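Notes to accompany the following structure.
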Ligand SMILES: [Zn+2]
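Put into structure tokens, the structure is as follows:
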């Protein structure tokens with residue numbers, strides 16, 4: 039009955055269609071930019087609330103910096119300008135006149151924030167300085183896909199300065215852990231954390247930590263990153279402090295960001311043939327209440343009961359909504375809310391009124407026996423809470439089993455290179471860390487997603503020499 043493209047054979051088309059059909063995004067007249075509609079934006083708000091609380095728990099404070107940055111700022115750190123130049127949007131005119139110095143629309147805010155840090159940091163007593171901003175950034179991408187890659191996207195960017203290198207590394211790792219737990223515990227998406235190879239590192243970083251996910255079509259997705267910046271970065275912006283010993287020193291800085299790409303990851307990890315499947319913790323509507331009746335008399339009684347149940351659920355902090363649209367069959371409503379990925383449906387009809395029960399339907403189960411349960415109306419809060427928790431946990435477990443089934447241990451590129459075309463997934467292998475060997479992966483349109491802590495392989499996949507580290511290779515978005 040679904041009119042969606044087949045998720046197994048036409049994943050990209052399925053993605054484009056489901057996000058439009060369910061009111062997550064709409065296309066916009068601006069090339070490469072998308073409108074996030076309320077159903078999608080509510081997910082972002084829920085993610086923001088969750089991440090913001092975690093950021094504050096790390097004693098990082100929120101602030102806001104300008105959207106437009108003097109172009110010369112970008113040039114101050116050599117690698118940074120080299121990395122971002124091709125993606126910059128540059129403002130050359132303002133107020134009808136050509137500007138003396140062009141402004142760039144921020145692709146990220148290190149430059150302007152470190153300029154401000156140079157004014158705010160003078161002594162070791164000013165450290166650590168830990169700032170976050172919630173903002174939009176612009177990167178001139180050529181091929182775009184909603185949430186995954188777009189000209190403008192929303193994110194948070196954390197920027198910190200520390201007295202010692204060890205403190206900066208600790209901060210960067212704390213941000214990485216915050217992101218890992220947000221993906222796994224809040225969005226029910228299993229991830230792998232690791233370090234980026236030199237070629238994939240952030241422009242201006244000494245080290246980039248990454249959170250990587252595997253979408254259900256077997257393609258990798260970089261979920262977010264956390265950087266320990268090269269010392270040249272604060273040096274370029276003249277950030278320095280007087281230490282306790284009287285010496286003038288340059289602080290060690292970190293930056294880390296989490297974006298609306300996470301919404302794309304939710305959709306591409308959990309969706310199924312029926313449509314979206316949203317983890318309860320981030321579902322804008324956790325329970326949809328559908329009244330069932332035939333006559334006007336039945337309608338009155340059932341709707342009154344449904345409204346009572348709605349109030350009880352709301353008061354318990356559960357995001358609920360009543361679908362009392364007239365002239366529409368319950369079946370048509372079920373179909374629509376299943377497609378929108380609402381985790382739990384509560385049905386209540388005349389028979390349920392008599393028995394003082396309600397029916398709970400579970401979005402992620404398809405066998406009739408598992409899908410529906412009859413529960414006493416008086417226990418609706420406890421039962422719904424338990425069901426939401428079960429759905430959240432089961433979604434994570436299922437996604438983890440799938441990721442593990444697509445995780446291959448391999449030794450030689452000659453064997454797995456061609457295989458990556460038909461059988462996507464993670465390919466774990468050994469690497470000698472030579473750039474020339476990394477280039478071999480790219481011939482097969484794969485990339486090194488990250489360096490792992492675990493080491494299982496003794497030889498480099500490309501040259502056969504002794505390997506120094508295990509890596510994950512995949513085709514990625
Ligand atoms: Zn090698």
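In this note's numbering, the protein residues as written are 39 to 515. Even for Gly, the Cβ is constructed at its ideal location relative to N, Cα and C. In this text the structure is predicted, and so the values were computed from the model without any measurement.
CB residue i to CB residue j, shorter than 8 Å?
i           : j           : result
residue 368 : residue 330 : yes
residue 325 : residue 356 : yes
residue 306 : residue 261 : no
residue 217 : residue 296 : yes
residue 146 : residue 195 : yes
residue 275 : residue 287 : no
residue 465 : residue 446 : yes
residue 426 : residue 272 : no
residue 264 : residue 188 : no
residue 100 : residue 172 : yes
residue 90  : residue 75  : no
residue 362 : residue 341 : yes
residue 103 : residue 151 : yes
residue 489 : residue 478 : no
residue 348 : residue 358 : yes
residue 153 : residue 205 : no
residue 497 : residue 449 : yes
Smallest Cα separation from residue i: which of the options?
i           : options               : result
residue 300 : 151, 274, 227 and 436 : 227
residue 413 : 425, 396 and 207      : 396
residue 418 : 294, 327, 213 and 173 : 327
residue 168 : 68, 416, 43 and 292   : 292
residue 242 : 72, 105, 122 and 404  : 122
residue 130 : 345, 347 and 108      : 108
residue 485 : 468, 510, 500 and 474 : 510
residue 266 : 426, 493 and 199      : 199
residue 574 : 501, 487, 461 and 450 : Nothing about residue 574 can be reported from this structure: the residues present for the chain run from 39 to 515 only.
residue 270 : 431, 437, 148 and 464 : 148
residue 201 : 311, 277 and 184      : 277
residue 483 : 68, 513 and 457       : 513
residue 304 : 343, 453 and 251      : 251
residue 430 : 68, 453, 454 and 402  : 402
residue 493 : 41, 468 and 479       : 468
residue 410 : 383, 432 and 394      : 383
residue 459 : 41, 256 and 428       : 256
residue 183 : 415, 394, 501 and 66  : 66
Measure the alpha-carbon distance for residue i versus residue j and round it to whole angstroms.
i           : j           : result
residue 132 : residue 113 : 22 Å
residue 46  : residue 398 : 29 Å
residue 192 : residue 83  : 11 Å
residue 70  : residue 515 : 16 Å
residue 137 : residue 98  : 35 Å
residue 124 : residue 118 : 11 Å
residue 77  : residue 62  : 5 Å
residue 339 : residue 309 : 36 Å
residue 495 : residue 472 : 16 Å
residue 346 : residue 240 : 53 Å
residue 185 : residue 170 : 21 Å
residue 222 : residue 213 : 14 Å
residue 451 : residue 481 : 10 Å
residue 285 : residue 79  : 49 Å
residue 392 : residue 224 : 38 Å
residue 229 : residue 332 : 48 Å
residue 72  : residue 60  : 15 Å
Under a Cβ-count criterion, where at least 16 other Cβ atoms within 10 Å of its own Cβ denotes burial, should residue i be classed as buried or exposed?
i           : result
residue 366 : exposed
residue 313 : buried
residue 378 : buried
residue 161 : exposed
residue 180 : exposed
residue 442 : exposed
residue 444 : buried
residue 321 : buried
residue 474 : exposed
residue 174 : exposed
residue 95  : exposed
residue 422 : buried
residue 128 : exposed
residue 92  : buried
residue 352 : exposed
residue 456 : exposed
residue 144 : buried
residue 503 : exposed
residue 283 : exposed
Ignoring anything shorter than 3 residues or poking outside the segment 396–439, list the beta strand (DSSP E) runs there in chain order. Correct list: 410–414.
Segments of 4+ residues assigned as alpha helix (DSSP H) that fall wholly inside the segment 469–493: List check, alpha helix (DSSP H) in window: 473–481.
Alpha helix (DSSP H) segments (min. 4 residues) lying fully within the segment 258–322: The DSSP assignment places complete alpha helix (DSSP H) segments of no fewer than 4 residues inside the segment 258–322 at 270–274 and 299–308, in order along the chain.
Curious, which full-length alpha helix (DSSP H) runs of at least 4 residues does the segment 51–105 contain? Scanning the segment 51–105 from its first residue to its last, the whole alpha helix (DSSP H) runs of 4-plus residues come out as 76–95.
What are the uninterrupted segments assigned as alpha helix (DSSP H) that are 4 or more residues long and contained completely in the segment 133–186, given in chain order? Taking only runs of at least 4 residues, the alpha helix (DSSP H) segments lying wholly in the segment 133–186 are 148–158.
Sequence ranges, beta strand (DSSP E) only - wholly within the segment 334–398, length at least 3: Listed in chain order, the beta strand (DSSP E) elements of length 3 or more contained wholly in the segment 334–398 are 358–360 and 382–386.
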